[in-house]
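Everything on this sheet refers to the single structure shown next.
Numbering (the working numbering), first residue to last: 2 to 545.
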């Protein structure tokens with residue numbers, strides 16, 4: 002009965018591809034004890050299809066294309082966060098990620114020696130235990146170069162067996178750490194807020210200035226007192242004006258301020274008191290407008306470089322990127338697709354709107370020139386052989402090359418008139434699409450081998466080894482971060498999720514803490530952990 006369907010799918014790989022994606026994605030949204038597989042469920046539907054019949058294997062180009070797109074989009078969006086993590090607590094964050102990944106490699110090598118595994122199964126074991134799809138792709142690429150003709154299904158099979166516990170094992174490690182150390186999450190959140198490290202929602206208030214600030218301008222006050230706020234309107238007597246950086250506050254002034262609750266409290270304490278009467282209701286002279294950033298002249302430039310107060314008499318009060326409101330600090334670089342809230346004179350706003358572009362369509366389109374050129378440079382870098390001690394030569398492959406180039410271009414942002422960043426919506430869509438292609442491709446090609454291995458003694462041993470590596474690595478990373486480095490537990494949970502490069506674990510951490518602090522830990526270590534896995538898994542293969 003299935004023969005006609007199998008023949009149809011085997012003769013139409015595109016139909017097979019999208020059928021696997023269509024069946025797999027909704028399964029990933031099903032929650033089991035608070036966790037879900039997400040897009041990784043496409044892999045298991047692909048495995049089921051491949052196990053059904055060996056002819057149901059998608060062409061190799063499908064997973065190669067998918068992974069190249071995925072890691073390139075990830076790199077572009079993570080570049081600045083990666084560089085920022087190197088500048089702020091960089092040694093701590095990078096060191097923790099390197100320690101955890103190196104520990105996972107050492108445990109994988111130990112499992113290889115104890116269980117008698119070959120290099121390909123060991124690499125798949127490592128990639129599955131750390132839930133790193135890019136590491137799996139890098140291992141497969143290295144195998145193709147170092148062992149021509151080797152069966153590439155083996156690492157995929159080991160990855161697939163170990164992956165499910167790669168999520169559950171981290172959650173169990175987190176639960177164990179919670180039971181052992183009993184963190185005070187509310188107290189941690191307060192301390193982080195006081196330090197300005199918590200990603201709290203932005204708010205606004207009107208402050209009544211009770212004393213002259215002397216000769217200091219607003220710009221000098223913000224810089225000298227390290228306030229992380231933005232000033233908007235200023236009412237002096239009957240005159241309403243923009244609170245520009247060169248304005249000097251006087252007693253009796255009313256001024257609006259945007260920032261986190263903790264920062265607003267600091268500003269009120271220094272300037273005077275919260276005013277009962279708002280000054281932002283009258284929009285006859287000054288008004289707010291939300292504008293899409295779509296102009297290539299603006300994208301990739303910092304708020305300071307735009308210099309709106311002096312050039313156009315306007316000020317950016319908030320930047321919304323995706324679902325998050327960002328404070329428009331001078332060093333913040335705007336990206337295509339950002340929505341900026343601009344305060345300015347009513348007569349100036351049309352000109353400001355034209356300057357930013359305000360085209361939803363343009364803010365959603367991919368610049369094929371910069372996207373194609375950047376990805377081509379990444380693939381070229383991935384081809385180049387890199388010499389290692391012992392005469393071994395490896396390459397970054399079609400995963401590592403695009404990732405490294407994307408991190409560099411994502412940090413640069415723009416070169417002349419070329420903007421390297423993707424619009425936020427396009428980046429999310431490309432990441433999802435690329436990962437779906439990759440998982441469907443490798444799943445269908447490894448289905449037969451997975452079914453045979455999973456039911457064997459070797460499959461059970463691989464599962465046990467992967468579970469041990471996941472749990473031990475996660476608990477060790479949590480111990481080092483929270484107990485030795487004194488990182489708050491809320492932040493440490495996000496760092497462990499980032500080291501595991503597992504969004505499902507981040508979602509669990511967010512649910513447990515009830516705040517957004519874990520997201521910062523996740524972003525701080527994710528790029529370093531991804532790069533470390535890409536490089537070390539190749540060594541695991543090359544020296545095996």
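Using N, Cα and C, we set each Cβ at its ideal position, and we do this for glycine too.
Look at the alpha carbon of residue i and the alpha carbon of residue j, and state the distance between them as a whole number of angstroms.
i, j, result
"residue 95", "residue 530", "8 Å"
"residue 510", "residue 525", "15 Å"
"residue 159", "residue 464", "8 Å"
"residue 541", "residue 518", "34 Å"
"residue 79", "residue 406", "12 Å"
"residue 53", "residue 457", "18 Å"
"residue 166", "residue 503", "12 Å"
"residue 197", "residue 226", "Reliability of the predicted coordinates at residue 197 is poor, the pLDDT of 45 falling under 50, and no value is obtained from them."
"residue 276", "residue 257", "10 Å"
"residue 219", "residue 327", "20 Å"
"residue 523", "residue 6", "43 Å"
"residue 300", "residue 374", "18 Å"
"residue 199", "residue 334", "Caution applies to residue 199, whose pLDDT of 47 falls short of 50 and renders its modelled position unreliable; the model cannot decide the point."
"residue 128", "residue 414", "31 Å"
"residue 44", "residue 55", "16 Å"
"residue 121", "residue 140", "8 Å"
"residue 477", "residue 131", "14 Å"
"residue 535", "residue 217", "51 Å"
"residue 238", "residue 255", "9 Å"
"residue 495", "residue 124", "25 Å"
"residue 353", "residue 308", "12 Å"
"residue 215", "residue 424", "44 Å"
On the DSSP bridge assignment, give the partners of residue i in chain order.
i, result
"residue 303", "334"
"residue 346", "287"
"residue 326", "321"
"residue 274", "209"
"residue 242", "235"
"residue 255", "209 and 236"
"residue 204", "260"
Pick from the options: whose alpha carbon is nearest that of residue i?
i, options, result
"residue 471", "101, 57 and 63", "101"
"residue 103", "519, 500 and 523", "500"
"residue 378", "448, 408, 283 and 363", "408"
"residue 169", "245, 27, 376 and 473", "473"
"residue 212", "503, 477, 124 and 271", "271"
"residue 163", "115, 482 and 460", "460"
"residue 118", "476, 477, 249 and 467", "467"
"residue 486", "98, 49 and 44", "98"
"residue 513", "295, 294 and 179", "179"
"residue 49", "13, 172, 298 and 446", "446"
"residue 381", "371, 365, 401 and 367", "401"
"residue 298", "355, 437 and 120", "355"
"residue 421", "372, 130 and 46", "372"
"residue 279", "425, 329, 205 and 155", "205"
"residue 228", "303, 331, 239 and 61", "331"
"residue 410", "75, 264 and 9", "75"
"residue 362", "352, 303 and 296", "296"
"residue 253", "236, 266, 261 and 306", "236"
"residue 175", "479, 533 and 527", "479"
"residue 71", "350, 494, 9 and 399", "399"
"residue 305", "329, 292 and 387", "329"
"residue 266", "207, 302 and 321", "207"
"residue 417", "302, 238 and 66", "302"
"residue 442", "325, 338, 14 and 366", "14"
"residue 172", "532, 538, 539 and 506", "506"
For residue i, does the count of other Cβ atoms within 10 angstroms reach 16, so buried, or fall short, so exposed?
i, result
"residue 274", "exposed"
"residue 195", "With a pLDDT of 48 at residue 195, under the threshold of 50, the predicted position of this residue should be treated as unreliable, though the coordinate-derived value follows. Exposed, since its Cβ has fewer than 16 Cβ neighbours within 10 Å."
"residue 403", "buried"
"residue 21", "buried"
"residue 92", "exposed"
"residue 475", "buried"
"residue 134", "buried"
"residue 46", "buried"
"residue 310", "buried"
"residue 264", "buried"
"residue 12", "exposed"
"residue 283", "exposed"
"residue 62", "exposed"
Q: Would you check if the region 107 to 127 and the region 483 to 494 touch, i.e. whether three or more CB-CB distances between them fall below 8 Å?
A: no
Q: Evaluate contact between the region 430 to 450 and the region 7 to 26, counting only Cβ atoms and requiring at least three cross-stretch pairs below 8 Å.
A: yes
**Q.** Any 3 or more C-beta pairs closer than 8 Å across the region 226 to 244 and the region 311 to 321
**A.** yes
Q.
For the structure I just gave you, are there three or more beta carbon pairs, one from the region 339 to 352 and one from the region 278 to 289, closer than 8 Å?
A. The region 278 to 289 and the region 339 to 352 touch, with three or more beta-carbon pairs separated by less than 8 Å.
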